[in-house]
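Enquirer: In the working numbering, the protein residues as written are 74 to 338.
Take this structure, written in structure tokens, and hold onto it; I'll ask about it next.
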Amino acid sequence: MEPRLVRQLHIYRNLSSASRALAGHLVQEARRAVQARGRFRLVLAGGRTPQPLYDLLARRYRDSMPWPQTEVYFGDERCVPPRDRESNYRMANQALLSRVPIPRRRVHRMPAELHPPAAAAAAYARELRGAAGPADASGTRAVFDLILLGIGEDGHTASLFPHSRALGVQRSWVVAVPRAGQPPYVPRLTLTLPAIASSREVCFLVAGEDKAKVVSAIFDAAPRGTPALPASLVRAQGPVSWFVDRAAAADLPGSSRGQGLGPRR
Ligand code: 6PG
74 MEPRLVRQLH IYRNLSSASR ALAGHLVQEA RRAVQARGRF RLVLAGGRTP QPLYDLLARR
134 YRDSMPWPQT EVYFGDERCV PPRDRESNYR MANQALLSRV PIPRRRVHRM PAELHPPAAA
194 AAAYARELRG AAGPADASGT RAVFDLILLG IGEDGHTASL FPHSRALGVQ RSWVVAVPRA
254 GQPPYVPRLT LTLPAIASSR EVCFLVAGED KAKVVSAIFD AAPRGTPALP ASLVRAQGPV
314 SWFVDRAAAA DLPGSSRGQG LGPRR
């Protein structure tokens, strides 16, 4: 199925309530995926924003998430060792993966410490090809069930930075990014837009007044999106859901606030 943009906006009082809502949604989707296909393929986001969500999944949903049937991947990684304080894997492992009964073989870490980064990207792409899910009834080869993403103040998502060459990559699912456009300024690995678009759903989690300007710019962007705001180019097989706190939604015009299921909560 052609990826599309069906955008749903959910606005919450703060990051804590947005994280609670997204955690409940994610667990519900996990159960549905396992019931329908025996697996739930989840892609984790890096950065600081998802940490309360990961903590919730580890504490409140430890026993209700189908961890043994969950496959975890990463949307991007900094090219540092997995124990480095800048590693997204380290953050996710501390906040979530080391605290839940997920078999280690189901945690697919990006080997971003390998050199050169292009070889590391190719290795991860091979691992993803092994994961390509069975064609579902409609014949699509949706690979992931749910991808979590954040955005930077410059509109980047994963490690897809404004106007970067990675935005034009159509035939690879993982690429190396030599120069990050935001700290930490280290080379990165990132899923490409086609890889993200292979997911049944994409969920953005965004909070804080420092993101208000870019959230508004993304929602105001032309429907096809713009390479100046990579998050506006994100598509999925199903909904692109935004879980946003009021501070980050502050600059949205009133009309955008009514989109999707998003009454102000
Ligand atoms: C990364 C992330 C990146 C992140 C945004 C938002 O490796 O940094 O994948 O895309 O989601 O930069 O980061 P914060 O949540 O820390 O604001």
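Note that CB positions come from ideal geometry on N, CA and C, so glycine has one too.
Is it buried or exposed, G212, if we count other Cβ atoms within 10 angstroms and call 16 or more buried?
Expert: Indexing the sequence shown from 1 puts residue 212 at position 139. Annotation note: pLDDT 47 at G212 (below 50); position unreliable, coordinate value reported separately. G212 should be labelled exposed.
Enquirer: Quick one: residues in its chain with C-beta nearer than 8 Å to the C-beta of V100, no 5 flanking neighbours on either side, listed in chain order?
Expert: Start at 1 with the first residue of the sequence shown, and residue 100 comes out as number 27. Taken in chain order, the residues that qualify are L130, Y134, S137 and M138.
Enquirer: If I'm right that Y127 touches L169 with Cβ under 8 Å, what's the distance once you round it to whole angstroms?
Expert: Within the sequence shown, the letter at position 54 stands for residue 127. Within the sequence shown, the letter at position 96 stands for residue 169. So it is a contact: roughly 4 Å between Cβ atoms.
Enquirer: With a threshold of 6 Å on Cβ separation, who are the neighbours of K284 within its own chain once the five nearest residues in sequence on each side are excluded?
Expert: Taking the sequence shown and counting its residues from 1, one reaches residue 284 at position 211. Cβ within range, chain order: A321.
Enquirer: Give the straight-line distance between the Cα atoms of A58 and F217, rounded to the nearest whole angstrom.
Expert: A question about residue 58 goes unanswered here, because the residues of the chain that appear run from 74 up to 338.
Enquirer: Would you say L278 and F234 are within 8 Å of each other, going by their C-beta atoms?
Expert: Numbered from 1 along the sequence shown, position 205 holds the residue referred to as residue 278. Numbered from 1 along the sequence shown, position 161 holds the residue referred to as residue 234. No; because the gap between Cβ atoms is not below 8 Å, this pair is not in contact.
Enquirer: Give, in chain order, every unbroken run of the alpha helix (DSSP H) that is at least 4 residues long and sits entirely within the region 254-292.
Expert: Correct list: 266-270.
Enquirer: By Cβ distance below 6 Å, which residues in the same chain neighbour V273 in space, the five residues on each side in sequence not counted?
Expert: Looking up residue 273 in the sequence shown gives position 200. The sequence shown places Arg at residue 273, not Val. Answer for R273: A215, D218, Q310 and G311, listed in chain order.
Enquirer: Which value, in whole angstroms, describes the spacing of the CA atoms of S92 and R319?
Expert: Numbered from its first residue, the sequence shown carries residue 92 at position 19. Numbered from its first residue, the sequence shown carries residue 319 at position 246. The alpha-carbon atoms of S92 and R319 are separated by roughly 13 Å.
Enquirer: Can you tell me the Cα-Cα spacing of R421 and P326, whole angstroms?
Expert: Any question about residue 421 goes unanswered here, given that the chain covers just 74 to 338.
Enquirer: One question on the structure: do A247 and A270 come within less than 8 Å of each other, judged by their Cβ atoms?
Expert: Within the sequence shown, numbered from 1, the residue matching residue 247 stands at position 174. Within the sequence shown, numbered from 1, the residue matching residue 270 stands at position 197. As written in the sequence, residue 247 is Val, which differs from the Ala given in the question. Not a contact, by the Cβ cut-off of 8 Å.
Enquirer: Would you list the residues sitting across from Q81 in a DSSP beta bridge?
Expert: Indexing the sequence shown from 1 puts residue 81 at position 8. Answer by DSSP bridge pairing, in chain order: S314.
Enquirer: Quick one: what's Y197 bridged to in DSSP?
Expert: Position 124 of the sequence shown, counting from 1, holds the residue named residue 197. DSSP output for Y197 lists no bridge partner at all.
Enquirer: Rounded to the nearest angstrom, what separates L115 and A301 at their Cα positions?
Expert: What you label residue 115 is simply residue 42 of the sequence shown in a count that begins at 1. What you label residue 301 is simply residue 228 of the sequence shown in a count that begins at 1. The straight-line gap from Cα to Cα measures roughly 27 Å.
Enquirer: Less than 8 Å between the CB atoms is what I'm expecting for V145 and H98, so what's the real figure, rounded?
Expert: The count along the sequence shown starts at 1 and reaches residue 145 at position 72. The count along the sequence shown starts at 1 and reaches residue 98 at position 25. Their Cβ separation, rounded to whole angstroms, is 17 Å, which puts V145 and H98 out of contact at 8 Å.
Enquirer: Would you be able to state if there are at least three C-beta pairs under 8 Å between the region 287-304 and the region 222-240?
Expert: Output reads yes: the region 287-304 touches the region 222-240.
Enquirer: With the cut-off set at 8 Å, would you say A193 and A109 are in Cβ contact?
Expert: As a first step, residue 193 must be located in the sequence shown, where it is residue number 120. As a first step, residue 109 must be located in the sequence shown, where it is residue number 36. No, Cβ-Cβ distance for A193 and A109 is not below 8 Å.
Enquirer: Could you tell me whether the Cβ atoms of R261 and S237 are closer together than 8 Å?
Expert: By one-based count along the sequence shown, residue 261 stands at place 188. By one-based count along the sequence shown, residue 237 stands at place 164. Cβ distance not < 8 Å, so R261 and S237 don't count as in contact.
Enquirer: So, is P154 buried or exposed, given that buried needs 16 or more other C-beta atoms within 10 angstroms?
Expert: Numbered from 1 along the sequence shown, position 81 holds the residue referred to as residue 154. Under this definition P154 is an exposed residue.
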